[in-house]
Amino acid sequence: MSRLQLDQALVARARELAARAAAPVVDLAATHTTISVERAQLRLAGLTGTDPVLGDGEVPWVNRVVDAVRDQVGLEHGVALPVWHALGSGGTLAELAEQVGAGTARFTVPEGAAADRAREAARTAVGAGIARIDANRARRDELVATHGDPPRRPWIYLIVATGDIHEDIPQAQAAARAGADVIAVIRSTGQSLLDYVPEGATRTGYAGTYATQENFRLMRAALDDVSAELGRYVRLTNYASGLCMPEIAVLAGLERLDMMLNDAMYGILFRDINPIRTFVDQRFSRMVHARAGIIINTGEDNYLTTADAVDEAHTVTVSQLLNERLAHEAGLADWQLGLGHAFEIDPAVPESFRLELAHALLARGLFPDAPLKWMPPTKHMTGDVFRGYLLDGFFNLAGALTGQGILLVGMMTEAVVTPWLSDRDLALRNVRYVLEAAGNLHEDFAPPPGGFIDRRAHTVLTEAVDLLERIAAHPQGLIQAVADGTFGITKRAPDGGKGLDGVVVKATGHYDPATELLTREVARA
Amino acid sequence: MPDDDRQDGHFGGAGGGSVVRPYGDTTGDGMVQTSFTLPVPPGPKAEGAALQLAQKMGIEPAMVVHSTGIGSGGGAAGDSAAFTFFVVYGSVRHLVDLDAVQVEERAYPLLSPGEVNAAVKTRLRRSLVVLGACIGTDAHTVGIDAILNLKGFAGEKGLEYYRELQVANLGAQVSVPELVHAARARNADAVLVSQVVTQKDAHLRNTRELAAAFREAMGESRPLLVVGGPRFDPAMAADLGVDKVFGRGTTPGEVASYLVHALVPEEEPA
């Protein structure tokens with residue numbers, strides 16, 4: 071593998087600054103909970119379904135119960151103590167939910183021995199969900215051992231997005247047969263701003279398919295079938311982002327998804343979700359992913375779709391370092407860090423391909439054990455599908471040459487239509503040609519020290535360290551930096567954005583069985 | 004009948020006539036190239052089917068220059084159906100009458116940022132308030148960002164760069180009532196909305212809803228309504244109830260020039 075000789079003192083400095091910048095974010099997660107973290111507890115304990123009476127029957131029971139607890143006793147102590155105290159006199163979680171629906175459930179925060187009993191019962195119930203996540207992880211290991219991993223890197227990652235799970239399934243299976251190693255089901259536009267997770271198999275998404283537990287289950291089962299047929303374990307990806315990030319992470323663990331999009335800052339910057347809500351939710355979701363053996367994919371490519379890919383290249387590096395720090399802190403191992411970056415330099419810029427190689431090799435050198443996620447051109451895809459096909463070929467070549475771990479297949483019809491069957495087929499032929507013709511070219515490719523690529527990588531790393539210095543200098547680190555608009559021109563204040571009303575400061579004695587069980591595991595790891 | 008067109012004798016091209024045909028490598032050869040997929044397994048029958056389609060499209064003679072099976076697909080055809088992808092070249096019999104072509108040509112001059120600023124400053128004598136947003140469920144801010152963000156698009160700086168424009172970008176998934184409220188509160192001169200998601204014609208439905216809401220809330224005093232996105236037809240403005248529609252590839256400079264044309268008086272106030 072070609073490697074750049076990075077200045078190790080600079081690399082060490084970058085990591086030290088990233089840790090300092092991220093520290094206030096970690097503190098936030100320790101001192102706050104959110105409605106979605108609390109709902110995730112109930113999902114782990116097995117509560118499913120929706121209240122058939124409310125609205126059009128779309129409101130999940132977990133929302134109804136958490137809202138009822140909040141109305142009656144507040145969430146400062148968490149949902150577990152009042153819920154399992156109420157269950158102390160008998161009955162199931164589902165029956166309690168129906169009492170909430172009927173308006174007859176009464177919640178109190180127990181104390182003393184009653185609190186001990188509620189804690190114990192909650193730990194057992196939530197522990198059952200975690201045991202299921204553990205069993206899924208073991209099952210994945212078993213299936214990978216049986217069917218095998220893809221025969222080479224990068225893994226080929228392909229998107230389906232029809233809006234209808236029953237259309238997605240045959241498309242995903244066809245894509246796997248055509249060579250895809252990872253299938254991502256794009257979510258319906260707008261799901262990230264829904265403060266509940268829809269239920270059941272869904273057929274009506276906009277530009278994507280709703281992430282639901284049942285859709286997860288159906289797609290994973292379909293890919294298990296095709297994995298057996300192909301003799302290669304085909305992975306499934308979805309999105310743990312938006313207002314329900316912790317719950318989606320839990321559902322992914324419960325239904326054996328293999329990768330999840332899970333960025334520390336994407337929701338804040340691009341969806342205007344409240345920063346505190348996001349940071350608290352992302353820590354919980356990362357602990358779940360760590361436990362479930364799920365590979366996270368971070369969203370640095372998004373910066374480059376709005377900012378210039380040359381001028382702002384260092385913001386990608388900074389975000390990768392922060393994402394790495396926050397991931398390690400939550401218990402994720404290097405092999406689980408699909409840190410993102412993208413091929414988005416304007417092709418009209420002289421030496422654009424060499425610049426791309428420099429940026430990709432910098433990421434490779436900084437994170438040698440992470441399966442980096444390499445994203446195709448989108449910003450400079452113009453509708454000229456012929457030019458786009460060539461650009462995607464260069465993107466594939468850069469991916470092979472720089473040892474990327476996960477390659478998202480670019481479509482020549484990017485920005486024109488959602489991919490047609492033929493677009494996907496042509497795109498996969500492009501990838502196969504490049505990997506078969508030049509997949510091992512990295513063995514011969516060693517950019518000389520002091521050469522163009524080496525110097526460019528060093529420049530970007532230096533700019534990244536400068537930016538990290540500025541972020542770490544803030545007393546509130548990353549939180550203040552986000553408020554000041556350090557990343558792009560968007561300024562996101564800690565008290566602004568969507569979902570702030572779902573953030574609660576924990577009281578002494580707040581009990582969160584999931585975090586307790588997951589933290590124990592992190593400490594052991 | 005398309006065949007009749009051949010008989011009028013015009014083969015277009017360099018002759019200066021108003022009738023033209025597609026150009027491959029010889030004037031009047033009518034050559035086009037197209038590609039498509041049929042839900043048919045590859046083979047002679049599939050190629051025959053492709054030729055039949057090409058012929059019905061007016062391509063005659065047609066050549067299937069490439070065909071390849073793309074395995075089992077999905078969707079309505081069922082997952083056992085195989086598909087074939089074709090590339091077809093051939094000559095179309097259709098003629099294009101340039102006199103009958105109607106396009107919306109730009110009815111205003113393209114101005115530089117300096118000229119835009121000067122026009123607003125001297126002729127409007129206050130800054131122009133511009134509000135931008137993505138509405139409905141559309142979370143793709145790439146369009147509105149390309150027009151508004153300082154960074155801009157296609158080498159042109161965005162409207163935030165224009166000193167005399169006071170720009171606020173409300174971002175993604177703004178509801179129409181929120182947008183009406185913000186436009187009123189800020190006394191917006193113009194509201195810019197971008198729409199990327201077009202599934203089930205969401206962009207058209209959202210735009211009509213936008214126009215109706217502004218009409219109802221503000222009547223004649225509503226701000227200038229401008230929508231844009233890659234799948235909009237610029238000729239649809241009146242049909243959608245907005246003042247202007249921008250299509251694919253629109254640059255910030257074009258939008259700024261239009262705002263001057265539509266909102267700034269022609270002459271300096273006396």
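Protein sequence lines, in the order shown, are assigned to chains A and B. Numbering (the working numbering) for the first sequence: 71 to 595. Numbering (the working numbering) for the second sequence: 4 to 273. Glycine included, C-beta positions come from ideal geometry on N, C-alpha and C.
| Query | Result |
| --- | --- |
| Select from A:Asp416, A:Glu484, A:Phe522 and A:Val530 the residue whose C-alpha is nearest the C-alpha of Ala664 (chain A). | Residue 664 (chain A) is absent from the structure shown; chain A starts at 71 and stops at 595. |
| Please list, in chain order, the chain B residues whose beta carbon lies closer than 8 angstroms to that of Gly480 (chain A). | Those do not exist, as Gly480 (chain A) stays about 16 angstroms from chain B at its closest Cβ, beyond 8 angstroms. |
| Taking the straight line between their C-alpha atoms, what separation do you get for Arg73 (chain A) and Ala89 (chain A)? | 25 angstroms |
| For Gln105 (chain B), which residues in the same chain have their Cβ closer than 6 angstroms to its Cβ, ignoring the five residues on either side in sequence? | none |
| Suppose only complete runs of 3+ residues qualify. What are the beta strand (DSSP E) ranges in the stretch 296-348 of chain A, listed by chain order? | 305-309 and 329-331 |
| Leaving out five residues on either side along the sequence, give the residues of the same chain with a beta carbon under 7 angstroms from the beta carbon of Ala242 (chain A). | Val230, Ile253, Met289, Ala292 and Leu293 |
| With a 10 Å radius around its C-beta and 16 neighbouring C-beta atoms as the bar for buried, classify Lys48 (chain B) as buried or exposed. | exposed |
| Let me make sure I understand the geometry here. Which of B:Arg126, B:Ile150, B:Gln36 and B:Ala53 has the alpha-carbon closest to that of Val133 (chain B)? | B:Ile150 |
| Opposite Leu195 (chain B) in the DSSP bridges: which residues? | B:Gly135 and B:Val229 |
| Find the residues of chain A that neighbour Phe88 (chain B), judging by a C-beta separation of less than 9 angstroms, and give them in chain order. | Leu491, Ser492, Asp495 and Leu496 |
| For the stretch 226-257 of chain B, enumerate the residues whose C-beta is nearer than 7 angstroms to any C-beta of chain A, in chain order. | Pro233 and Arg251 |
| Gly27 (chain B) versus chain A: which residues are under 7 angstroms apart at the beta carbon? | Result: empty, since nearest Cβ-Cβ is about 16 angstroms, beyond 7 angstroms. |
| Give a yes or no on whether the minimum CB-CB distance between Arg341 (chain A) and chain B is below 9 angstroms. | yes |
| From the DSSP output, read off the bridge partner residues of Tyr92 (chain B). | B:Gln36 and B:Met66 |
| Which value, in whole angstroms, describes the spacing of the CA atoms of Ala319 (chain A) and Asp121 (chain A)? | 22 angstroms |
| I need the straight-line Cα distance from Gln550 (chain A) to Ile541 (chain A), nearest angstrom please. | 8 angstroms |
| On a Cα-Cα basis, can you pick out the residue from B:Asn209, B:Arg166, B:Pro268 and B:Glu159 that is closest to Thr253 (chain B)? | B:Glu159 |
| Helix, strand or coil for Asp121 (chain A)? Go by DSSP, reduced to three states. | coil |
| Looking at the C-beta of Ala186 (chain B), does it have a partner C-beta in chain A at a distance below 9 angstroms? | no |
| Quick check: is the beta carbon of Ile62 (chain B) nearer than 9 angstroms to any beta carbon in chain A? | no |
| Please identify the residue among A:Arg176, A:Ala150 and A:Glu181 whose C-alpha is closest to the C-alpha of Val196 (chain A). | A:Ala150 |
| Return the CA-CA distance between Pro583 (chain A) and Thr589 (chain A), expressed in angstroms with no decimal places. | 10 angstroms |
| Listed in chain order, which residues of the stretch 443-455 of chain A have Cβ atoms closer than 9 angstroms to some Cβ of chain B? | Thr448, Lys449, Thr452 and Gly453 |
| Using a Cβ-Cβ cut-off of 9 angstroms, state whether Ile73 (chain B) counts as contacting chain A. | yes |
| If you pair each beta-carbon of the stretch 216-233 of chain A with each one of the stretch 496-516 of chain A, do three or more pairs fall below 8 angstroms? | yes |
| Under 8 angstroms: do the stretch 116-124 of chain B and the stretch 95-104 of chain B share three or more Cβ pairs, one atom per stretch? | no |
| Please confirm whether Val229 (chain B) and Val199 (chain B) have their CB atoms less than 9 angstroms apart. | no |
| Count the other C-beta atoms from every protein chain shown that fall within 10 angstroms of the C-beta of Trp405 (chain A), then say buried if there are 16 or more, exposed otherwise. | exposed |
| If we call anything under 9 angstroms between Cβ atoms a contact, is Ala277 (chain A) one with Thr488 (chain A)? | yes |
| Hey, how far is the Cα of Asp246 (chain B) from the Cα of Gly363 (chain A)? | 53 angstroms |
| Tell me whether the beta-carbon of Arg207 (chain A) lies closer than 9 angstroms to the beta-carbon of Arg361 (chain A). | yes |
| With a threshold of 16 other CB atoms inside 10 Å of the CB of Asn372 (chain A), please say whether the residue is buried or exposed. | buried |
| From the DSSP output, read off the bridge partner residues of Leu154 (chain A). | A quick correction: the sequence has Trp, not Leu, at residue 154 (chain A). Paired residues: none, contrary to the question. |
| Would the beta-carbon of Asn285 (chain A) fall within 9 angstroms of that of Ala310 (chain A)? | no |
| Using beta carbons (cut-off 9 angstroms, strictly below), is Thr40 (chain B) in contact with chain A? | yes |
| Quick check on this structure: which residue in A:Asn466, A:Asp251 and A:Gly160 has the alpha carbon closest to the alpha carbon of Asp219 (chain A)? | A:Asp251 |
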